[in-house]
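Every letter in the sequence shown is one number past the one before it in the UniProt record's numbering, and letter 363, counting from 1, is 363.
A virtual CB, placed ideally from N, CA and C, is assigned to each residue, including glycine.
The model shown is predicted, which means the values in this text are computed figures rather than measured ones.
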Amino acid sequence: MQSKYWLILFAAFLFACKEETLEPLNEGGDAPQLVSDVKAVGFAGKVELTYALPKDPNLFYVKAEYEIRPGKKMEAIATYYNNTLTLEGFGDTTERTVKLYSVSRSEVKSAPVAVKVKPLQPPVKKTFASLHFDADFGGISVSFLNEDSANVVIGVLTKDSLGAVVPADMYYTSQKKGTFSARGFDAKPRWFGVYVRDRWTNLSDTSWKQLTPMHEQMLNKSLFRAMKLAGDANLHGNMQMSTLWNNVITGGSATLLSWLRTANGSGVPHMITFDLGVKAKLSRFQFIPRGAIDEQNLLYAAGDPRLFEIWGTNEPSADGSLTSWTKLSDCEVIKPSGLPIGTQSNDDILAAQAGREFKMPLDIPAVRYIRLRILQTWGNSDYMWMAEATLYGEIQ
Numbered sequence: 001m002q003s004k005y006w007l008i009l010f011a012a013f014l015f016a017c018k019e020e021t022l023e024p025l026n027e028g029g030d031a032p033q034l035v036s037d038v039k040a041v042g043f044a045g046k047v048e049l050t051y052a053l054p055k056d057p058n059l060f061y062v063k064a065e066y067e068i069r070p071g072k073k074m075e076a077i078a079t080y081y082n083n084t085l086t087l088e089g090f091g092d093t094t095e096r097t098v099k100l101y102s103v104s105r106s107e108v109k110s111a112p113v114a115v116k117v118k119p120l121q122p123p124v125k126k127t128f129a130s131l132h133f134d135a136d137f138g139g140i141s142v143s144f145l146n147e148d149s150a151n152v153v154i155g156v157l158t159k160d161s162l163g164a165v166v167p168a169d170m171y172y173t174s175q176k177k178g179t180f181s182a183r184g185f186d187a188k189p190r191w192f193g194v195y196v197r198d199r200w201t202n203l204s205d206t207s208w209k210q211l212t213p214m215h216e217q218m219l220n221k222s223l224f225r226a227m228k229l230a231g232d233a234n235l236h237g238n239m240q241m242s243t244l245w246n247n248v249i250t251g252g253s254a255t256l257l258s259w260l261r262t263a264n265g266s267g268v269p270h271m272i273t274f275d276l277g278v279k280a281k282l283s284r285f286q287f288i289p290r291g292a293i294d295e296q297n298l299l300y301a302a303g304d305p306r307l308f309e310i311w312g313t314n315e316p317s318a319d320g321s322l323t324s325w326t327k328l329s330d331c332e333v334i335k336p337s338g339l340p341i342g343t344q345s346n347d348d349i350l351a352a353q354a355g356r357e358f359k360m361p362l363d364i365p366a367v368r369y370i371r372l373r374i375l376q377t378w379g380n381s382d383y384m385w386m387a388e389a390t391l392y393g394e395i396q
């Protein structure tokens, strides 16, 4: 009896499956009527089409077929709720023909409506035209404009000892303007090239220069010495300035060796000063924030620096003022995710662990003494903290 019961259930299951697969489908049928009154407007690397939709209940969507370059075919689709289509990915301003199709629910296409389109100069070429690069510490510095905020890649090439072209760096950006450096090269003449690429693999030309990178080295932290000038902030409790360069970044609140903190009430702005032990033309300042490894709730909060200045001199003012000092750099910490305080992404944490790095202008003087002037922390506190500071440059 039980076997018979299971046979009945199995038969019912098969019947249900059969019913599902036999559900009527919209196959074949007539093609929808054509779109009409098509207009095309060109933008940087793209074209926007507008059109009048047919009053045809059989219409499901409108499809455009086009080529962004010879042999590279693309499609764009808009449902029957819309009367616009944006065609992206054009790498030049060549006029070309786009074919528009009305498509039914059963995928029957109408005859094509052909329209001539002409995109404006694409971001790849506009950004390439703006590129400027020159020798920098350990490599080259590249500046660019990207007025369309397009997602582009700026590639850096070089030539090896045999003259073969090899990749040196790839910089991904959608910023309207910026500067980046490609480093890791000896202070010897070599060829560097830069180009721009987009996500459709449209490529610009490559601009080449023979340049000699400037010598760069990490400054010896064992030579650093604490200083306390008039007007400088006091440190919290029994903390020592040397914790800022002792290469210890873990241990959290359980140890005073892994981070430096100024005292409560230090004010905004406030300063700390130290001696590099050598005179150097600085190229970079890097710091790892407190909490990067083991107290990540302290990142982008409380005393974590957000805005600060770096000042330098060879003759500190006796009265502690900034009279004899030169501002070397304005620094702002950017939170990659843009999330509010108290919420952070994995990218935010990885950026902190990699270290906040600030490039120095090439025209700053060589200095021996450094002053950090804290303008704002992420928690708008009247104190600040840092785990580790590292400086790079060329000793004079």
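Note the first and the last residue of the continuous beta strand (DSSP E) segment covering residue i.
i: residue 113; result: 113-117
i: residue 365; result: Residue 365 -> no beta strand (DSSP E), and no H or E assigned at all.
i: residue 72; result: 72-79
i: residue 286; result: 270-288
i: residue 177; result: 177-183
i: residue 51; result: 46-52
i: residue 226; result: 225-227
i: residue 312; result: 305-313
Apply the 10 Å Cβ neighbour rule to residue i and answer buried if 16 or more other Cβ atoms are within range, or exposed otherwise.
i: residue 344; result: buried
i: residue 262; result: buried
i: residue 123; result: buried
i: residue 389; result: buried
i: residue 77; result: exposed
i: residue 102; result: buried
i: residue 374; result: buried
i: residue 280; result: buried
i: residue 24; result: Low confidence applies to residue 24: its pLDDT is 33, below 50, so where it sits in the model is not reliable, and the reading given next is rough at best. With fewer than 16 Cβ atoms within 10 Å of its Cβ, residue 24 is classed as exposed.
i: residue 138; result: buried
i: residue 377; result: buried
i: residue 284; result: buried
i: residue 216; result: buried
i: residue 172; result: exposed
i: residue 248; result: exposed
i: residue 114; result: exposed
i: residue 149; result: exposed
i: residue 100; result: buried
Can you tell me which of the options puts its alpha carbon nearest to the alpha carbon of residue i?
i: residue 371; options: 354, 250, 269; result: 269
i: residue 128; options: 115, 140, 145, 244; result: 145
i: residue 339; options: 333, 348, 332; result: 348
i: residue 385; options: 259, 356, 285; result: 259
i: residue 199; options: 216, 223, 174; result: 174
i: residue 316; options: 325, 309, 308; result: 325
i: residue 230; options: 82, 59, 49, 321; result: 321
i: residue 225; options: 233, 208, 244; result: 244
Report back the beta-carbon spacing between residue i and residue j to the nearest angstrom; my notes put them in contact at under 8 angstroms.
i: residue 156; j: residue 169; result: 4 angstroms
i: residue 299; j: residue 291; result: 5 angstroms
i: residue 64; j: residue 49; result: 7 angstroms
i: residue 381; j: residue 303; result: 5 angstroms
Residue i to residue j, Cα distance in whole Å?
i: residue 265; j: residue 180; result: 37 angstroms
i: residue 219; j: residue 256; result: 24 angstroms
i: residue 192; j: residue 70; result: 30 angstroms
i: residue 140; j: residue 272; result: 32 angstroms
i: residue 379; j: residue 334; result: 14 angstroms
i: residue 176; j: residue 120; result: 18 angstroms
i: residue 44; j: residue 250; result: 49 angstroms
i: residue 42; j: residue 98; result: 13 angstroms
i: residue 66; j: residue 74; result: 5 angstroms
i: residue 95; j: residue 106; result: 33 angstroms
i: residue 387; j: residue 308; result: 16 angstroms
i: residue 195; j: residue 130; result: 11 angstroms
Which residues bound the alpha helix (DSSP H) around residue i?
i: residue 349; result: 346-354
i: residue 127; result: 123-130
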